Each structure stands twice: as C-alpha cells, then as structure tokens.
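Right, one structure below, let's go through it.
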Amino acid sequence: MGTLKKESELYYDSELKKLLLKLKDGQIEDYEEIAQALNLRAMTGFAAKISREGIDKLGGSLKLFREFILANTLIDEELHNCKELLKKSRLDREDKIKIEILIKYYLGDPLWFDLVENWDFKNKDEIYFKLLANRFMDEGEYKKASEKYQRAWEIGKNDPRYLIYKCEALKAAGEHKEAFKEILSLTETYEYFVQGWNWLARYYLDSGKLDLAYQAIGKALSINPNDWGAFLALADFYLSRGEYGRARGVLEILLSLEPAKYITAEVLNYLGYLFSLDNRYSEGQSCLERALMINPNLAEAWYNLGNIVFHQKHLDEALACYERAAASDPEMAAAFTQIGLTLLEMGKICNVDKPLLRALELDPSEYFAHLGLSEFYRRTKKGEMALKHAEMAIKIEPHDPNGYNVLGIAHEFNKKYKEAEKAYKKALELETMHRWAANNLGYLYEKLMEKDKKYRTLAIEAWKKRLEICLKTKVSIKGALNHLLKLNVKLPEIKKWIAQLKNRQD
Numbered sequence: 002m003g004t005l006k007k008e009s010e011l012y013y014d015s016e017l018k019k020l021l022l023k024l025k026d027g028q029i030e031d032y033e034e035i036a037q038a039l040n041l042r043a044m045t046g047f048a049a050k051i052s053r054e055g056i057d058k059l060g061g062s063l064k065l066f067r068e069f070i071l072a073n074t075l076i077d078e079e080l081h082n083c084k085e086l087l088k089k090s091r092l093d094r095e096d097k098i099k100i101e102i103l104i105k106y107y108l109g110d111p112l113w114f115d116l117v118e119n120w121d122f123k124n125k126d127e128i129y130f131k132l133l134a135n136r137f138m139d140e141g142e143y144k145k146a147s148e149k150y151q152r153a154w155e156i157g158k159n160d161p162r163y164l165i166y167k168c169e170a171l172k173a174a175g176e177h178k179e180a181f182k183e184i185l186s187l188t189e190t191y192e193y194f195v196q197g198w199n200w201l202a203r204y205y206l207d208s209g210k211l212d213l214a215y216q217a218i219g220k221a222l223s224i225n226p227n228d229w230g231a232f233l234a235l236a237d238f239y240l241s242r243g244e245y246g247r248a249r250g251v252l253e254i255l256l257s258l259e260p261a262k263y264i265t266a267e268v269l270n271y272l273g274y275l276f277s278l279d280n281r282y283s284e285g286q287s288c289l290e291r292a293l294m295i296n297p298n299l300a301e302a303w304y305n306l307g308n309i310v311f312h313q314k315h316l317d318e319a320l321a322c323y324e325r326a327a328a329s330d331p332e333m334a335a336a337f338t339q340i341g342l343t344l345l346e347m348g349k350i351c352n353v354d355k356p357l358l359r360a361l362e363l364d365p366s367e368y369f370a371h372l373g374l375s376e377f378y379r380r381t382k383k384g385e386m387a388l389k390h391a392e393m394a395i396k397i398e399p400h401d402p403n404g405y406n407v408l409g410i411a412h413e414f415n416k417k418y419k420e421a422e423k424a425y426k427k428a429l430e431l432e433t434m435h436r437w438a439a440n441n442l443g444y445l446y447e448k449l450m451e452k453d454k455k456y457r458t459l460a461i462e463a464w465k466k467r468l469e470i471c472l473k474t475k476v477s478i479k480g481a482l483n484h485l486l487k488l489n490v491k492l493p494e495i496k497k498w499i500a501q502l503k504n505r506q507d
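Numbering of the sequence shown is given in our numbering, commencing with residue 2 and proceeding in unit increments.
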C-alpha cells in the first residue's frame with residue numbers, strides 16, 4: 002500500500018478534519034495551512050500532494066513551496082522536480098532564490114551556504130532567518146543559530162518547527178535544560194506536532210526515563226502510527242546501549258508498516274549496519290544490497306557495505322563501494338578516509354594521500370585519516386610528517402590505544418626510541434590486550450638489545466605479554482614463541498608459562 006493511501010485512511014483529529022473542509026473552495030492560504038498541518042503530523046505523502054496541488058492550480062507561494070520541499074526532504078527526485086515547478090511559479094525573484102537555497106540545502110549542495118552569505122535579501126522573513134540559522138549551525142555557532150531560529154519563530158508564529166530547530170541548536174550548545182523547557186512548552190501548545198513528541202522521547206531516552214520516553218513515543222504514534230521518526234528514536238536508544246537485537250526488532254516493526262521506498266532503504270541500511278556490529282556479515286550484506294536496489298545513491302549503504310567486504314578481505318570490492326559512497330555524497334569525509342585506508346591495505350601507496358587529505362579538508366577531526374597519513378608518510382620515508390599526523394590523531398582521540406601504537410611506530414621510525422617505548426606502553430595501558438603494541442614493543446627492545454644487552458629482560462617480558470594476548474584472543478602463538486626461543490628462553494620454561502596462563506584463564 003502506498004504512503005499516500007495509508008495516510009488517507011488514518012483517523013484524523015478534529016482540528017485536521019476542519020482544515021480539510023477548506024479544500025473545497027481552497028485559496029492559496031488554505032493550501033498553505035493544510036499542507037503545514039499535514040507536515041506537522043508527519044503525513045508527508047499527503048502534504049506533498051496538497052502542496053503540489055496548490056502550486057499547480059494557483060501558482061504556489063513561498064510558504065507552499067517550502068511545505069512541498071519539507072514533505073520531500075529525503076526524495077531527491079522530487080526536490081529536482083521542484084526546480085522546474087519554481088520556474089513556472091508566480092514567485093518574485095527573491096522568493097525564488099530562497100526556495101532555490103532550500104532545495105540546495107536539502108540536496109546537500111554546498112553552494113547553498115555561499116548564496117545565504119552573499120545574497121542581499123530585502124525581505125528578511127522567517128525563511129531568511131531559518132537559512133541564516135542553518136548557516137550558523139554548519140559553522141558550529143550554535144548560540145547564534147538558536148537566536149536566529151527564535152527570530153524565525155517570532156515572525157512565523159504558527160510554525161513550531163522553528164522551535165524544534167532552536168532546541169537542536171541549544172542542545173548542540175550544551176544547554177540541555179533550556180532545550181528541555183522549550184520542548185515541553187512546545188508539546189503542550191502544539192499537541193499534534195509529531196516531531197515535538199519524538200524530540201521529547203529522545204530527551205527522555207537519553208536521560209534514562211524509559212516510561213516517559215514510551216509515553217512520548219505513544220503520543221507520536223497516536224497522531225500518526227506510520228511515523229518512522231518514533232521508531233528510529235527507539236532504535237537509536239537501543240543502539241547506544243549496545244542492544245543490537247532490540248534495535249533490529251524495532252526496525253523490523255517499522256518495515257512491517259511498509260513505509261515509503263526511501264524510508265525502507267534507510268531502514269534496511271540501518272539493519273545492515275546493526276547486523277555487521279554483531280558480526281553477522283552475510284545478513285548485513287543482504288540488507289545493504291536490498292537498500293541499494295531501492296536507492297542506488299544511498300551513500301551510507303555503500304559505505305557500510307564497503308566495511309563488510311573490507312572485513313572479508315575483498316579489498317577490490319571494498320574500494321569500489323567506498324568510491325560509490327564518495328560519488329553519492331562528495332561531502333562524506335569517512336568515505337574518502339576508507340578509500341585511502343583500503344589503498345594502503347592493498348599496497349597502492351602512490352595513490353593513498355589524496356583521498357586522506359581530501360577527508361581532512363572536509364572534516365579536520367577525521368581521526369582515521371590522520372592515522373592513515375602517518376602510515377603513508379612512514380612508508381614514503383617522510384618521518385616528520387608521519388610523526389606530525391600521529392600526534393594530531395592523539396589530540397583528537399587521546400584515549401584510543403591504536404593512536405598510541407601508530408605514534409610509537411612514528412617515533413621509532415624517527416629513531417626516538419624512548420618516546421616510542423612510552424607510546425607502546427600507553428597503548429597497552431589503555432588496552433591490555435593490544436597485541437600489536439606488545440608486538441612492536443618486543444621488536445623495539447630486540448633492536449635496542451643490539452647496543453645494550455640489558456634490554457633482553459624487557460624484550461622477554463614484551464613477548465611474554467604477546468604470548469598471553471595470543472592465548473586469550475585465540476590467535477597463533479607461533480610468532481611470540483619463536484621470539485622467546487630466539488631470546489634463549491628454554492622451551493620447558495615457555496610451556497610452564499603457557500600452562501600458568503591457561504590456568505589463570507580457567
């Protein structure tokens with residue numbers, strides 16, 4: 002059953018019923034009001050139909066075009082169609098520019114940002130202030146963004162969505178109590194605003210107040226039982242707790258409601274990701290492939306599929322998936338990072354740096370890009386650059402043992418052996434089972450033994466640690482065993498250690 006048909010069969014509240022009666026002799030203002038009311042209830046299929054009808058019959062208006070866009074934010078095809086509708090509309094040039102910017106914004110076109118900054122708008126209405134606030138959000142100026150959303154609300158007082166945007170800005174600014182007060186007031190005033198109840202549900206879930214969260218989700222679903230936002234809020238909550246099975250259960254219920262195609266693709270992508278977290282790779286791959294059959298341009302699905310086939314060591318396939326992800330979303334820093342890391346794994350060193358540097362252009366905090374560049378520069382004999390990127394990675398993620406392991410490698414390459422020793426030890430302090438740090442520490446002490454035999458004892462301890470890690474993680478002990486024998490540790494002594502370690506595990 003199609004989304005529009007399902008929405009037309011829902012039980013409508015008395016307020017919406019009264020509004021729908023206005024369609025008989027509908028003026029442009031009536032279409033605006035009805036389309037907004039439907040969007041507030043998350044009945045986007047119906048909202049798209051009504052707003053399109055008003056545009057076709059009456060030439061549209063700024064508000065009606067906005068409602069059409071908001072009803073289709075996840076449907077790129079309809080957003081592109083909106084450009085053509087705009088050309089035939091009765092809107093003046095400035096209003097057309099505003100709608101063009103909104104379209105670019107929801108299509109992920111970075112040019113929207115420059116247009117807001119450079120266009121000299123004469124009519125500074127609520128849409129202008131929303132666009133300005135969006136710009137501040139992208140720049141991380143959350144306080145300024147909240148002020149502009151507030152201004153948009155003051156101008157367009159019958160639209161609670163501006164207050165939701167304000168709550169998001171306040172939350173991003175760390176003002177959680179203020180955001181909560183705002184959302185409580187909003188849900189009391191706008192009883193049928195589904196997004197408001199979903200936002201409140203997320204707040205309660207984050208606070209561990211499950212009973213109140215379920216009540217808010219129930220309220221959202223009583224308004225629109227097909228609302229996918231309520232289900233995603235609950236799935237996200239279970240994901241954050243590591244309860245992947247429960248998260249999948251919630252998404253399976255959502256799929257049973259037969260949501261619109263673009264939502265189905267997003268849900269299948271989410272399911273694929275959850276299966277991969279549980280190491281159920283074949284089921285995850287199946288979900289992701291189904292998602293991509295529905296929406297071949299879903300960048301996250303290509304990215305998640307790439308991660309699965311990378312794990313399976315199908316590096317050519319993984320590279321192709323990451324490249325499709327980057328082509329579908331050229332602003333996806335993580336996709337460029339994985340392209341670089343996959344090329345590194347494949348040994349195609351000459352092409353590694355470009356995607357990793359591109360990832361950092363898009364997002365300077367892309368941690369794994371720094372780690373990849375550190376390894377790239379080490380392999381290309383640029384020790385200072387290898388060290389620089391390892392140190393930058395540590396600044397971003399100071400508690401990740403992998404970063405310290407890479408930092409140790411970079412220090413060792415630069416012959417800074419004491420610093421390398423400290424870094425490997427820090428990695429093992431953060432993760433006692435970090436076998437690569439133990440491995441690298443063993444090799445470092447063996448290297449230092451060539452000049453000072455006192456490091457033999459430390460080398461033995463490092464390889465003994467590696468032996469313990471291999472036994473606990475059930476990987477081959479051959480490497481650790483050979484190094485201990487090379488260090489003249491007698492085999493009976495090693496067997497005794499192994500027996501002691503196994504007894505300790507039992």
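Backbone N, C-alpha and C define an ideal beta-carbon position, used for all residues, glycine too. Owing to the predicted nature of the structure, the values given are computational and were not obtained by experimental measurement.
Pair within 7 Å by beta-carbon distance, residue i and residue j
i    : j    : result
L256 : Y271 : no
L258 : R291 : no
L133 : K149 : yes
L502 : L472 : yes
Y163 : A153 : yes
F238 : L278 : no
L65  : G55  : yes
Y456 : Y444 : no
A424 : L408 : yes
L80  : I102 : no
A334 : E367 : yes
L59  : D96  : no
I478 : L485 : no
A202 : I218 : yes
E155 : C168 : no
A248 : A236 : yes
Nonlocal neighbours in the same chain, by C-beta distance under 6 Å from residue i, ignoring five residues either side
i    : result
K99  : I128
L171 : S147, E179, A180
A500 : none
F276 : E284, G285
I350 : R380
M386 : Y378
A221 : V195, W198, N199, D228, A231
A36  : A48, I51, S52, E68
H371 : H390, M393, A394
Presumed contact (8 Å Cβ cut-off) between residue i and residue j, rounded CB distance
i    : j    : result
Y378 : H390 : 7 Å
G230 : A48  : Not a contact, Cβ separation roughly 15 Å.
G273 : L299 : Rounded, the Cβ-Cβ distance is 11 Å, inconsistent with contact.
Y193 : E16  : 7 Å
N296 : Y263 : 6 Å
L320 : I340 : 7 Å
F137 : K145 : 4 Å
F414 : G384 : 5 Å
Cβ-based burial, residue i [other Cβ within 10 Å; buried from 16]
i    : result
V476 : exposed
K396 : exposed
P493 : exposed
P356 : buried
M2   : Only weak support is given to the placement of M2: the predicted model assigns it a pLDDT of 47, under 50, and the question is left unresolved by the model.
E121 : Reading the sequence as shown, one finds Asp at residue 121 and not Glu. With fewer than 16 other Cβ atoms within 10 Å, it is exposed.
E451 : exposed
M294 : exposed
K314 : exposed
Q28  : exposed
K1   : Any answer about residue 1 is impossible in this case: the structure gives the chain only from 2 up to 507.
Y13  : buried
H435 : buried
L388 : buried
Spatial neighbours of residue i in its chain, beta-carbon cut-off 7 Å, leaving aside the 5 residues before and after
i    : result
K325 : The amino acid occupying residue 325 in the given sequence is Arg; Lys does not appear at that position. Same-chain partners within the cutoff: W303.
I410 : R379, N441
L342 : F369, G373
N135 : Y106
I470 : M434, R436, A439
A460 : G443, Y446, E447, M450, L488
R467 : R436, A439, N440, G443, A481
V490 : I461
Residue i Cβ short of 6 Å to the ligand GDP heavy atom set
i    : result
D212 : Inclusion of the ligand GDP in the displayed structure is not the case, the ligand content being empty and no account of it being possible.
Beta-carbon contacts of residue i that lie in its chain and below 8 Å, excluding the five residues immediately before and after
i    : result
L332 : Reading the sequence as shown, one finds Glu at residue 332 and not Leu. Closer than 8 Å at the Cβ level, and outside the excluded window around E332, lie G109, P111, L363.
K84  : E101, I104
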